[in-house]
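A.B. asks: Before we start, here is the structure in question, set down as structure tokens.
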Amino acid sequence: MKVVVEHTEFRRVLESCIRLIDDMRHMKVPSGILIQAEAGMGKSLLLQMIKSHLARTAGMSRADSVLEIRLDSAVDTHKLSAAATLVLGYPALPSRPNLENMNFMVDRGMERIRPLALLLDEMQHICEGNRDITARAVTDWLKVRMDRFSFPIIGAGTLALDRLNTINPQFVSRASASFVLKPFEFGDAWRQLLGGFDQQVTEVSLHIINGALAKPIHTATKGNLRSLKKLLMYACMQAAERGATLVSRDDFIEAFQEANGTTPDRVNPFVQPVGARQSS
-7 MKVVVEHTEF RRVLESCIRL IDDMRHMKVP SGILIQAEAG MGKSLLLQMI KSHLARTAGM
53 SRADSVLEIR LDSAVDTHKL SAAATLVLGY PALPSRPNLE NMNFMVDRGM ERIRPLALLL
113 DEMQHICEGN RDITARAVTD WLKVRMDRFS FPIIGAGTLA LDRLNTINPQ FVSRASASFV
173 LKPFEFGDAW RQLLGGFDQQ VTEVSLHIIN GALAKPIHTA TKGNLRSLKK LLMYACMQAA
233 ERGATLVSRD DFIEAFQEAN GTTPDRVNPF VQPVGARQSS
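Those letters in the sequence shown? Residues -7 to 272, by this note's numbering.
Next up, the structure:
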């Protein structure tokens, strides 16, 4: 099941990021944007859509100058510089891959292509653990290149990114904006999101999700977009396996177990208490 459903907050953050990036590029101001969200709320997709916009507006000749690096838990200045040499198009690291040699290659590469932007995914790894000295060195490395070559850095990560305010406030001051994508609260925005899935899925009917099951679905997923998509996928599969055209509460009971497993202390929110009125 491949379904694209836009929601208001995601679109607002995307449009704001694009507007700010375009402003930065025209004014040639070295700056950046930080995007925070818990896992599963679409921050990696947001970076991809920003990259697509930059590539589309810059034209084919400049599309490859949108640099993208995915960080990991072992990130330090050495690993970041090595990753940068590869995304800049160098076929291999230098024969002596010390930080000084790699920084020289990075700076020459950036001088040559003048990147439109640097996108950093999983940026929270900079801040995790008791590694403030390393984190300060990494963000200083980024700040030097940002200032020297006047390109924006767009970093996305979990809410752990907030620690940057303490670790390296000078780097954070370069960021012109910070956005947070939070899990959905139960309310109008949640129902609009469910309505979007109901409209987009055509193989089976998800009409039930925006009625009696809206609240149990929110409880099951805690408002997380990835968890919602996973639950809906399993529910649709359950309905398809029994040859039904309408997804039912029973399908969601099974889907919740498929998505989360079963443990004695886990309550399935789709199972109604004994004596409760059945609804569909």
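Even glycine gets a Cβ: it sits at the ideal position worked out from N, Cα and C.
Can you give me the C-alpha to C-alpha distance between ASN160 and LEU238, rounded to a whole angstrom?
C.D. replies: Taking the straight line joining both Cα atoms gives about 53 Å.
A.B. asks: Could you have a look at SER271 and say whether DSSP puts it in helix, strand or coil?
C.D. replies: With a pLDDT of 48 at SER271, under the threshold of 50, the modelled position of that residue is not reliable, and no figure is offered here.
A.B. asks: Report back the beta-carbon spacing between THR150 and GLN28 to the nearest angstrom; my notes put them in contact at under 8 Å.
C.D. replies: Indeed, because the Cβ distance is near 7 Å, the residues count as touching under 8 Å.
A.B. asks: Is the beta carbon of LEU223 sitting closer than 8 Å to the one on ALA212?
C.D. replies: Closer than 8 Å, so yes.
A.B. asks: In this structure, does DSSP put GLN184 in helix, strand or coil?
C.D. replies: GLN184 falls in the helix class under three-state DSSP.
A.B. asks: Look up GLN192 in the DSSP assignment and say whether it is helix, strand or coil.
C.D. replies: Residue state, collapsed to three classes: helix.
A.B. asks: Nearest to ALA31 by alpha carbon, out of GLU250, PHE248, LEU72 and GLY215?
C.D. replies: Nearest C-alpha to ALA31: GLY215.
A.B. asks: Look at the Cβ atom of LEU59, then the Cβ atom of ALA74, and state whether they are nearer than 8 Å.
C.D. replies: No, Cβ-Cβ distance for LEU59 and ALA74 is not below 8 Å.
A.B. asks: Tell me whether HIS117 is buried or exposed, calling it buried when 16 or more other Cβ atoms sit within 10 Å of its Cβ.
C.D. replies: Looking at its Cβ environment, which holds 16 or more other Cβ atoms inside 10 Å, HIS117 is buried.
A.B. asks: Just to confirm, is the Cβ distance from ALA5 to PHE171 under 8 Å?
C.D. replies: Here the sequence assigns Val to residue 5, which means Ala is not the residue at that position. In this structure, PHE171 lies closer than 8 Å to VAL5 by Cβ.
A.B. asks: Taking three-plus beta-carbon pairs below 8 Å as touching, is the segment 194 to 211 in contact with the segment 9 to 16?
C.D. replies: Judged by Cβ distances under 8 Å, the segment 194 to 211 makes no contact with the segment 9 to 16, as fewer than three pairs qualify.
A.B. asks: For PHE2, is the classification buried or exposed, using 16 other Cβ atoms within 10 angstroms of its Cβ as the cut-off for buried?
C.D. replies: It counts as buried.
A.B. asks: From SER23, LYS35 and ASN157, pick the residue whose C-alpha is nearest to that of ARG218; which is it?
C.D. replies: Answer by Cα proximity: LYS35.
A.B. asks: Using 8 Å as the threshold, is the C-beta distance between LEU288 and ALA50 below it?
C.D. replies: As shown, the chain starts at -7 and ends at 272. That puts residue 288 outside it, with no answer to give.
A.B. asks: CB HIS(-1) to CB GLY187, shorter than 8 Å?
C.D. replies: No, the pair does not count as a contact, with Cβ atoms beyond the cut-off.
A.B. asks: Sorted by chain position, which residues of the same chain lie with C-beta nearer than 6 Å to PHE163's C-beta, five sequence neighbours on each side aside?
C.D. replies: Same-chain partners within the cutoff: THR131 and LYS135.
A.B. asks: In its own chain, which residues sit with a C-beta less than 7 Å from the C-beta of GLN245, not counting the 5 before and 5 after it?
C.D. replies: Reading off the sequence shown, one finds Ile at residue 245, where the question assumed Gln. Closer than 7 Å at the Cβ level, and outside the excluded window around ILE245, lie ASN260, PHE262 and VAL263.
A.B. asks: Using a Cβ-Cβ cutoff of less than 6 Å, which residues in the same chain neighbour VAL207 once the five nearest sequence positions on both sides are dropped?
C.D. replies: Going by the sequence as given, residue 207 is Lys instead of Val. The answer is none, since no qualifying residue turns up.
A.B. asks: Quick check: MET102 and ARG62, are their CB atoms within less than 8 Å of each other?
C.D. replies: No, the Cβ-Cβ distance between MET102 and ARG62 is not below 8 Å.
A.B. asks: Can you list, in chain order, the residues of its chain with a C-beta nearer than 8 Å to that of MET115? Leave out the 5 residues immediately preceding and following it.
C.D. replies: The answer, listed in chain order, is LEU26, LEU63, GLY147, ALA148, GLY149 and LEU153.
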